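Asker: Following this message is one structure expressed as structure tokens.
In our numbering, the protein residues as written are 3 to 143.
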């Protein structure tokens, strides 16, 4: 049986930028999941746009290196498209006074994880909100 794992943008940035503190740990965790046949790793389509912006503007990588990293990510992760109904769901969660969802980008990540029936969200964001999908970090224990 396949297990769907949703990967937050911060993990993707970690594995692409060797200068980040969690680079090695994040890369090891992702590699561990990739080596097993029963895991499928997902990101949403916005992650690639955010990745390009962050790597191009906040790292020491040149444009060709950034594009190579993006191709690598596009090859190993399955993309979840963001549709209008997903945007509406994320906005509704953020607007709901009973909900703890306040960060739109994190909420969209959560909505995408729900969409693929993920059993795990891999994130290093300590403020990530998920009541019904398990969260895992790449912090070394």
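Ideal Cβ positions, reconstructed from N, Cα and C, are used throughout, including at glycine.
No experiment lies behind these values; they were computed from the predicted model shown.
Would you kindly report the start and end of the unbroken alpha helix (DSSP H) that includes residue 111?
Answerer: 106-117
Asker: Assuming residue 35 is part of the alpha helix (DSSP H), what are its boundary residues?
Answerer: 25-36
Asker: Identify, in the order they occur along the chain, each residue of the same chain with its Cβ nearer than 6 angstroms to the Cβ of residue 101, setting aside the five sequence neighbours on each side.
Answerer: 95
Asker: Three-state secondary structure (DSSP) at residue 84?
Answerer: coil
Asker: Which of the three DSSP states, helix, strand or coil, is assigned to residue 141?
Answerer: coil
Asker: Looking only at its own chain, which residues have a Cβ that is under 7 angstroms from the Cβ of residue 118, when we skip the five neighbours before and after it?
Answerer: Here the set comprises 6, 8, 44 and 82.
Asker: Taking residue 67 as the reference, which of 47, 18 and 126 has the closest Cα?
Answerer: Checked all of 47, 18 and 126; the closest Cα to residue 67 is 18.
Asker: Residue 84: which of 112, 97, 58 and 103 sits nearest, CA to CA?
Answerer: 112
Asker: For the alpha helix (DSSP H) containing residue 52, list its first residue and its last residue.
Answerer: 47-60
Asker: How would you label residue 3, buried or exposed, when you count the other beta carbons within 10 angstroms and need 16 or more for buried?
Answerer: It counts as exposed.
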